[in-house]
Amino acid sequence: MKILLAVPPSPNHRRIIRMIDCSHEAKASYLWHPNDFLIISSLCGPGDECVLVEGTADSLSDEAFFGRVKDAKPDIIFFALSSAGWETDLKYYRKTRGLYPHTPHFVIADLFIEKEYREFILRECEGIVGNPYLLDLKAMSAAKRGHGDKFPGVYTHHEDTIYKGKQAVHLRTASPRHELFLRPGYRFPFALRHKFASVTTMWGCPFTCSYCTDSKLQPVVRHHEDILAELDRLHRIGVKELFFTDKTFGFSESDVYPLLEAMAKKYRFDWCCYFHPQLYRPKLLEMMKAAGCHSMIVGIDSANMDSLKQYSRSLAKSRLEEFLAKANELRISICADFIIGLPHETEDDVKRTIDYALSLPLDFASFNIAAPLPGSEIRAKAKEKNLLPFGNEGFDTLGTNAMLGNQNLHADSLRRLRHDAILSFYLRPSYILRRLGRTRSPGHFWNQFLQMLALFRKGIDPNLPPA
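So in the numbering used here the end of the sequence shown lands on 471, straight run, no missing numbers.
Here's what the structure looks like:
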């Protein structure tokens, strides 16, 4: 069987990241691996051929993209779409469908978390991937559009048959075909090296923050022995840098501790991950550092953490600051995510969050404009007010293409506040000295420098009106 994984080109070569849970445009020049496709590649049998046509990472022209799609001659096609590039992604999908009208097509996109978009796209495909770990590729290769076939992990009709709550599913899994994805077009902003591999220990998220798409996804936890087998393979092919793609690394203690212990003994990987401060334990951070962790991405979101409880987000400032102190003691770099312009916020609220970011011992800060992400409470309320007619997409946390604002803050005010936050955070002399002191090689410095230039290019606009 021949499997085609297709990622379309992005308009104006934008760095659009397409995933089941959250599609968005990168805030600098980085581009993550298409993680759901990585997972699907792990399901291929020994005799299966898997082809990745990557229009965005490889900066393909339309002619080159469709030429490679034609050359693939697949038995089954998986196509990635996104809310961030919905209009053009749909055109690429429809033309691909026209090239292979009788080949089963399955799609992924964050938009398909919502019923109206599922109803729309199911007229044009055999199914929507809702959980990539559950797929039966052989059965899906025989799918017929409109026949009502049912497959594990796939939406083939309009009901919510995939989402089953927050009880974690523990699975035994195979390794992805990483060789397909080791391309120069993929870049990670915090990596010490240009070449890196993405590894998943948990897909989905155990937390329920209602402004986040991941609140809708059930977590799937991999056994640590399967992850170690994958790391063995990456070690053999010369990969030294990893990005653990979990929405929060360390969720399953029964697997993470033996994983970290084995990593510290067997390998010399350097790696980054997402981390939730609620999972903080001093021993866990110490083991992560010993196993090679050099950077973490952490959601702080707001200076007023009590206000986040209305979005089912619970985090004590004391716990957060204890975690940050320990990370700094271990010299683990921290990138903090902040959200500005949540529905309840005023300009003063946003400024307090920016000031809080400046007061913390952080290495990077990502200022995200609150967006109507598919499946989020923000989106649901915007639709109730008829602010989001069907097909009106392009919203993401970068805020350059489409933005709603809120009842207290106009979109231009939020852009100006984000602009000011970036300048205030990154141009401090104390910050620059801190980063120079934590730069570990010329290649690391160059990667950080290029990402900084791209961040400023995308986030700084001197023509914006005052906030």
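All C-beta atoms, glycine included, are put in the ideal place defined by N, C-alpha and C. Only a predicted model underlies this, so the values are computations on that prediction, with no experimental measurement involved.
Put simply, the backbone Cα of Val354 is about 7 Å away from that of Gly345. Counting the other CB atoms within 10 Å of its CB gives Lys31 a total of 16 or more, which places it among the buried residues. Between the alpha carbons of Lys77 and Leu139 lies a distance of about 21 Å. Counting other Cβ atoms within 10 Å of its Cβ, Ala61 reaches 16 or more and is therefore classed as buried. No Cβ-Cβ contact shorter than 7 Å links Ile132 with Tyr96. Under DSSP, Tyr190 takes part in no beta bridge, so it has no partner. Cβ atoms of Phe69 and Pro13 come within 8 Å of each other, at about 6 Å.
According to DSSP, Tyr159 shares a beta bridge with Ile132. The DSSP assignment places no complete alpha helix (DSSP H) segment of no fewer than 4 residues inside the segment 173-237.
When C-alpha distances from Phe185 are compared across Ile43, Phe429, Asp359 and Ser33, the shortest belongs to Ile43. Counting only runs of 3 or more residues that sit fully inside the segment 355-413, the beta strand (DSSP E) segments are 368-373, in chain order. For His448, the uninterrupted alpha helix (DSSP H) run begins and ends at Pro446 to Gly463, by DSSP. Per DSSP, reduced to three states, the secondary structure at Val302 is strand.
For Ile436, the secondary structure class from DSSP, reduced to helix, strand or coil, is helix. Comparing alpha carbon positions, the residue from Cys297, Glu53 and Arg181 closest to Glu265 is Cys297. The secondary-structure analysis by DSSP pairs Asp341 across a beta bridge with Gly303 and Ser370. Annotation: the continuous beta strand (DSSP E) that includes Leu9 extends over Lys6 to Val11. Less than 7 Å divides the Cβ of Ile80 from the Cβ of Pro108.
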